Structures are given as structure tokens and as C-alpha cells.
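Here the structure is laid out as C-alpha cells; the discussion comes afterwards.
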């Protein structure tokens, strides 16, 4: 997106270390969608394209601060395809029960990609920060989910019947 998250997180990690709360800071690793990857490619993207609407930014407001965060932390910036994003989006829902927006799934997509490439040392601790709830982009869910939405009357009994069918009640 606008690179505000990686910038703010890095600032916080540095301040935490300066305050003596931790001995070290993490390596900051960021991912952009392949169709909207100005930092990775080093040039503004006039018409960014990606399924991950929250990161469909062709000229991030915090571009230089993000580059500084990556350089200072000895981190990495890379890009992921829409296919990789959607695969991670479905994976985190299926295996962890998390409903995130595609932009948040980009972090997991990137970690999976880098892991396949042998980027991480064996036993490395890797954290994906997923800040966007899936309801920020319900259209993607409807388009990619194999279930069709079920329309029911806006009545308590109808809702309870559905929930009982899923063994929730």
C-alpha cells in the first residue's frame, strides 16, 4: 500500500530497542503485489493492478521511509502474484480460521514464496502481520469462495436455524 505499516513498525521496534526493552530488532520484510510493485521495481506504477485493493498503490506516500526501514534492518522487499496472494488467502482461512483481506494475505504469500526459495535459515522465527479483516473486501470472498451466499429472512428464528445447522448453537 502506502508503506505506512512497515515504516511505523520499524520506528516502533527501534524505539523499543533504544528504551532498553529488547536487545535486537527484527529484519523488516515487505511484499507488494506484482501489479503494484513500485518499490520493488524502483519506479512509479501509473495504473497499478491487483486483486489486493488495499495495496493497489502505484506511488506509496512512505516509499523512502519504507526503503530506509528495509535497509536499516537488513531486510528485504519482494513481490507476489495475485495467484500467490489468493492461495495464501485461502490457506490462512482453511488452516487457521482467519478471515483476512487479500492485502493481508500478501505477507503470508511472500513468506511462503521466500521459504520455497530457501531464504530463511532453518529454525528462523518469522512473523506475518495481517491487519486487514476480510470484510474490508467481501467481493473477493464471494468471487473466490466455492460456497454461494445463502439469503435468509431477517428474523431471529431463521438465523438460529442456520446456526444450528452449523453446530454453532
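Residue numbers (this note's numbering): 127 to 295.
Glycine included, C-beta positions come from ideal geometry on N, C-alpha and C.
Small disclaimer: the values here were computed from a predicted structure and weren't measured.
Counting only runs of at least 4 residues, the region 190-245 fully encloses the following alpha helix (DSSP H) elements, listed from N- to C-terminal order: 208-222, 228-242.
When 285, 180, 290, 288 are compared, the shortest CA-CA separation from residue 130 is found for 180. In chain order, 131, 230 place their CB closer than 8 Å to the CB of residue 257, counting only its own chain and leaving out the 5 sequence neighbours on each side.
Among the bridge pairs identified by DSSP, residue 156 is matched with 203. Between residue 163 and residue 205, the C-beta spacing is below 8 Å. The beta carbons of residue 166 and residue 203 sit closer together than 8 Å.
For the pair residue 235 and residue 213, the CB atoms are nearer than the 8 Å cut-off. When only Cα atoms are considered, residue 272 and residue 240 end up about 28 Å apart.
Contact fails between the region 192-200 and the region 272-284, because fewer than three Cβ pairs, one in each stretch, are under 8 Å apart.
Taken atom to atom, the span from the alpha-carbon of residue 242 to that of residue 157 is near 15 Å. Within a 10 Å sphere around the beta-carbon of residue 220 sit fewer than 16 other beta-carbons, which makes this residue exposed. Excluding sequence positions up to five before and after residue 270, its CB lies within less than 8 Å of the CB of 212, 215, 216, all in the same chain and listed in chain order. Between residue 285 and residue 293, the alpha-carbon positions lie close to 13 Å from each other.
Rounded to whole angstroms, the gap between the alpha carbons of residue 245 and residue 283 is 53 Å.
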